[in-house]
Each structure stands twice: as C-alpha cells, then as structure tokens.
Amino acid sequence: MVSTSSELSEAQPRGSALSRMTNSHNWLGLGFMVPAAVLLLLFLTYPLGLGVWLGFTDERIGRPGIYVGLENYELLWDDSVFWLSVFNTLLYTIVASVLKFGLGLWLALILNQRLPLKSFFRAVVLLPWVVPTVLSAIAFWWIYDAQFSIISWALQELGLIDGRINFLGDPENARASVIAANVWRGIPFVAITLLAGLQTISPSLYEAATLDGANRWQLFRHVTLPLLTPIIAIVMTFSVLFTFTDFQLIYVLTRGGPVNATHLMATLSFQRGISGGQLGEGAAIAVAMIPFLLAAILFSYFGLQRRRWQQGGRD
C-alpha cells in the first residue's frame, strides 16, 4: 500500500504538469507552429542557405564549383545589365505598388458602399487574382501583340492613332506594359484586404463625426485612414514583396527584353543561373535581392510597433 500511495503521489504532479501544458495557450500555440516551422526549414531555410553558399562559388550546371569569395559580387558591381535590372526592379515595384494601392483603396471604398449586387461585384473583383499568373500573362501577351493587339485595333477604329502600337518591342512601352499587367493582377488583393479592414470600422464613428460637421474628405482623413493604417502597412508590405520578386509575368511576356529593358533581378538571376548555367552568378543576383526585401519587412515591422502611429496619432 505504501508503494502504491507513493506512485500515486508521484503520478499526480506529473499528470497536473501535463494537464497544465495541454491547457496552456503558449504550449498549444507552439505545438501548432512546429509543423509549419519544419516545412519552412525544409523548403525555405535550406534553399536560402544553399543559395547564399552558391553565391560564393563558381559552380556551373554539370560541374561542382569551388569557393571564390566575393568574386561573383565584384563582377556584378561592374555589370551594367545587373544595374539596369536593379533600376527596372525598383521602378517596377514602386510604380506598380503605388498604382495598386491607389486603385485598390478606391475600389475598396466603392465596394464598401451599399450597392446592388454587391456580393457579385466583390466576387468579380477577385478574378484577376484567382486566375493563374501564366494564363494572365498569356492573355496580356495577346492583348499587346504587335499585329493583332485589340488595344491598337480599338484606338485605330476610334481614329486616335494611325498605326499599330509596338507594346513589347519598344523599351519604354514594354516597361509600361508589364507594369500595367502587374497592376491589373494585383489590385484585387489590395482591394479585398482593405475592404476587410473597412468592414471592421464601426459606423458609430462616422455618425459621431458627421454630427460634429465633418464632410466626406474629413471622414476619410480623420476616421477611415487612421483606423485603416495598420492594414495598409501589412497589405503594402506584401504587395511590395510580391511585386519585387515577380518572375512569371515578366518571363512569359518579354523574357527581359527588349534589350534588357524589362529584366528584373529575379528574371536576370534565372537567365544567368539556369538558362546560362552559371549557378554561382545567378545565386549572387538572387542574394542581392535580400537587402531590399529586408528593408521593406523591417519598415513595416517597426511601423506596426508604434501604437500611436497605429491609432493615427503623432510620435
């Protein structure tokens, strides 16, 4: 009996400790995070680490490389095509992100109104985001075709232009064309996410501001925008990341042409590393993208930590 009671006394603390761990939100959250962490380690951390290592080697497809230090980065420093791709990437990201934010916010404000068939229009808005990127790119490739472009045909029928527009053959036109395609595809993500944020704003706040004599602009400036700012920060962070690392749209439409006018860092990395077989140089270009991505993430992270900034106040 003594041994039995001692075993029960020892089992009780163990059982209570186990029940505390089971009921603890921290341990439960950790348990749910473990599978995701394993997947991230396998499919994100390892490829990232391998890419960083390859950037310091001269490895080629079919031939193992040796450590060459910063030689790949020194070559990129003097590579005019690489710097052109950096310029194209920044231009593409900034212009497309600003347009997606402006048009997406405008569309979200419209969809937040009491409209007939509101659910139908919200579903239609999602279509560009749901359609696979490659299919969207092929559709735009047909729209921008030098001979059969529907845009050129429509403008000619209206008498606005005399000849066909060379959308993808002219460097400036090609840059504008790929940005337009990216904006068309990215607006739904911004609009629907901001619409979800607008749905969380209490109507009583608008009623109180209206009673104080606020007009539509003042309602937006002093009620909508401050309360929507945290959502805007998150949405724009993801928008910048998606746009900066865009590959499929550019590769299908132009493959970086004409004369490298639409080469982004992602497409140049693929061209040098996979098509050209220079894995080390391609990995170095990909690694060079990391500082830009970290800057966007850190800007959003530190911004979201500022509570007064979240609430629309001044620091």
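Start counting the sequence shown at 15; every next residue gets the next number (my numbering).
Think of the CB as a built atom: it goes at the ideal place given N, C-alpha and C, for glycine as much as any other residue.
Taking only beta-carbon positions, decide if Y81 is within less than 8 Å of chain B.
No chain B appears in this structure, which consists of one protein chain only.
Compare the C-alpha of R178 against each of P185, E186 and A168 and name the closest.
Closest option to R178, Cα to Cα, is A168.
Could you pull the start and end residues of the alpha helix (DSSP H) that L123 belongs to?
Per DSSP, L123 belongs to the alpha helix (DSSP H) from S94 to L125.
Quick check on the burial criterion: 16 or more other C-beta atoms within 10 angstroms. Buried or exposed for T10?
Since the displayed the chain opens at 15 and closes at 329, residue 10 lies outside it and no answer follows.
How would you call A51, buried or exposed, if buried means at least 16 neighbouring beta carbons within 10 angstroms?
Counting other Cβ atoms within 10 Å of its Cβ, A51 stays below 16 and is therefore classed as exposed.
Flag this pair as yes or no: are the beta carbons of F70 and Y81 separated by less than 8 Å?
Yes; because the gap between Cβ atoms is below 8 Å, this pair is in contact.
Tell whether a beta-carbon distance below 8 Å holds between A195 and A151.
In contact: A195 and A151 (Cβ atoms closer than 8 Å).
Cβ atoms of A310 and L255: under 8 Å apart, would you say?
Yes, Cβ-Cβ distance for L255 and A310 is below 8 Å.
Which one of L209, L98, Q170 and F46 has the shortest CA to CA distance from F115?
Nearest neighbour of F115 by Cα position, chosen from L209, L98, Q170 and F46, turns out to be L209.
Closest by CA to S94, which one among L282, S289 and L233?
Residue L282 is the option with its Cα nearest to S94.
If contacts are defined as beta-carbon pairs under 8 Å, then E73 and G271 qualify, I think. What distance do you get, rounded to the angstrom?
Taking 8 Å as the upper bound for CB-CB distance, E73 and G271 are not in contact here, some 27 Å apart.
Give me whichever residues DSSP pairs with Y81 in a beta bridge.
Paired residues: T71.
Under the three-state DSSP convention, the category V273 falls into:
Three-state result, V273: coil.
Does the Cβ of R128 have 16 or more other Cβ atoms within 10 Å, making it buried, or fewer, making it exposed?
Its Cβ having fewer than 16 others within 10 Å, R128 is exposed.
Can you find the residues in the same chain that come closer than 8 Å, C-beta to C-beta, to V192, ignoring five residues on each side of it along the sequence?
Excluding sequence neighbours, V192 sits near Y106, L263, I264, L267, T268 and T276.
8 Å contact criterion, which F135 and L125 should meet: CB distance rounded:
Under the criterion of beta carbons closer than 8 Å, F135 and L125 qualify as touching, at roughly 6 Å.
Candidates G183, L89, F258 and L62: which alpha carbon is nearest L307's?
It is F258.
Report buried or exposed for D176, applying the criterion of at least 16 other Cβ atoms within 10 angstroms of its Cβ.
By the Cβ neighbour-count rule, D176 is exposed, with fewer than 16 other Cβ atoms within 10 Å of its own.
Pair within 8 Å by beta-carbon distance, L140 and I206
Yes, the pair counts as a contact, with Cβ atoms nearer than the cut-off.
Buried versus exposed, by CB contacts within 10 Å (16 or more), M279
Its Cβ being crowded by 16 or more others within 10 Å, M279 is buried.
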